[in-house]
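All letters in the sequence shown, in the order written, are residues 11 to 284 by my numbering.
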Amino acid sequence: MIDCHVHVWDPAQGFPWIRPGTPLHRAYTEGDLEASGAGLGLAGAILVEASRGDAGETQALRQLRIQRPDLIAGYVGNLHVHGDSGPGAFRALLGEFGDTRPNAMRIGGRDWAATPVSARDLVPVLAETGLALELNLYQRALRTAVEVAERHPDLSVVVDHLGNPPRLGTGEPREWCADLERAAEAGNVVVKISGLLTQQHGVPGRQLARLVGHVVDTIGPERCLLASDWPVCLTRGTRADSLAASRTGLGHLTPAQTRHLAQDTARRVYRLRG
């Protein structure tokens, strides 16, 4: 299996969102990442930016990918920090990176309107160069993914954390379900099954199983990714616990469908080598 969402960071280098005094306010290195995956049968991981706040994070992720190909199958950079330089400079940077360029770039915020215009202006470059776009939006993520996917039919649009649905304990996520149905009709939208351990903490396992099963049955296993969101998940459980939550409710899938979820979809969407 490829774990499609992990981070490394050192708060001493930035990452202002990590609050001092919390379990996450410490350095998490590639060594910690390797130790967390022991015995899990992983074929690699996708290293995702963690909002350090500068373009140097892209270079740092790239270096880790080069140094540890046994551990890191690919990486996702932060689109925000490259926006000010403009599309031309961003295109040139990707050309300079060559085969070591990111596999995707991520944009985030409250909603699409709250993301920087300069970052949005780089999306056409992703479409023309074959990089995926990841969305980490807290409102209307699935709906936005459909809109972006329709404007850029050659672009893979990955929605982080199931599109951040509301916690199931607060009621039925009707709007999110309707947006998921729309996303199913857009062939280039991909949903990442992640963040369950934290976002749905305390929700009974039966409800989690129904949620995950509904996502996979609606959009298809060939358009879903599995991920732990390590080390963010550590506030509620281990990396193994988080991956188990992402896989709940999938016992009805065929071996071929399970293979898509485990690694085939990741290899296609992120254009992984090897």
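C-beta atoms are modelled at their ideal positions from N, C-alpha and C, and glycine is treated no differently.
None of these values were measured; they are calculated from a predicted model.
*Distance, Cα to Cα, Pro33 vs Ala48?*
Walking along the sequence shown from the start, residue 33 turns up at place 23. Walking along the sequence shown from the start, residue 48 turns up at place 38. Each residue's alpha carbon lies about 21 Å from the other.
*At a cut of 8 Å, does the stretch 133-148 reach the stretch 164-172 through at least three beta carbon pairs?*
yes
*With DSSP run on the structure shown, which of helix, strand or coil describes Leu71?*
Counting from one through the sequence shown, the residue named residue 71 turns up at place 61. Leu71 falls in the helix class under three-state DSSP.
_Gln69 versus Val18 - alpha carbon distance_ = Here residue 69 refers to the residue found at position 59 of the sequence shown. Here residue 18 refers to the residue found at position 8 of the sequence shown. Using only the alpha carbons, I get a separation of about 13 Å.
*Report the option in Gly31, Ala194, Ile12 and His35 whose CA atom is closest to the CA atom of Asp20.*
The count along the sequence shown starts at 1 and reaches residue 20 at position 10. Among Gly31, Ala194, Ile12 and His35, the Cα nearest to that of Asp20 is on His35.
*Is there contact between the stretch 226-239 and the stretch 250-261, where contact requires at least three CB pairs shorter than 8 Å?*
yes
*Express the C-alpha separation of Leu71 and Arg177 in angstroms, rounding to a whole number.*
Position 167 of the sequence shown, counted from the start, is the residue given in the question as residue 177. Position 61 of the sequence shown, counted from the start, is the residue given in the question as residue 71. About 32 Å.
*Measure the C-alpha to C-alpha separation of Ala45 and Ile12 and round it to an integer number of angstroms.*
Residue 45 sits at position 35 when you count from the first residue of the sequence shown. Residue 12 sits at position 2 when you count from the first residue of the sequence shown. Distance between the alpha carbons of Ala45 and Ile12 is about 16 Å.
_So, under 8 Å CB-CB, Leu152 and Gly173 are touching, yes? Tell me the CB distance rounded to an integer number of Å._
Counting from 1 along the sequence shown, the entry for residue 152 is found at position 142. Counting from 1 along the sequence shown, the entry for residue 173 is found at position 163. With 8 Å as the limit, Leu152 and Gly173 qualify as a contact, their Cβ atoms being about 4 Å apart.
*asked:* On the criterion of 16 or more Cβ atoms from any shown chain inside 10 Å, does Pro231 qualify as buried, or is it exposed?
replied: Here the question's residue 231 lines up with position 221 in the sequence shown. Buried, by the Cβ-count rule.
*List the DSSP bridge partners of Ile229.*
Counting from 1 along the sequence shown, the entry for residue 229 is found at position 219. Looking at the DSSP assignment, Ile229 forms no beta bridge with any residue, so it has no partner.
_Which listed residue (Thr275, Thr208, Pro175 and Asn198) has its alpha carbon closest to that of Leu235_ = Indexing the sequence shown from 1 puts residue 235 at position 225. Ranking the options by Cα distance to Leu235, first place goes to Thr275.
*Output the distance between the C-alpha atoms of Leu132 and Arg161, rounded to the nearest integer angstrom.*
Counted from its first residue, the sequence shown places residue 132 at position 122. Counted from its first residue, the sequence shown places residue 161 at position 151. Rounded to whole angstroms, Leu132 to Arg161 spans 13 Å at the Cα level.
*Would DSSP call Glu106 helix, strand or coil?*
Position 96 of the sequence shown, counting from 1, holds the residue named residue 106. Helix.
*Whole angstroms is fine: what's the gap from Asp80's alpha carbon to Thr39's?*
Taking the first residue of the sequence shown as position 1, residue 80 is located at position 70. Taking the first residue of the sequence shown as position 1, residue 39 is located at position 29. Cα-Cα distance, rounded: 15 Å.
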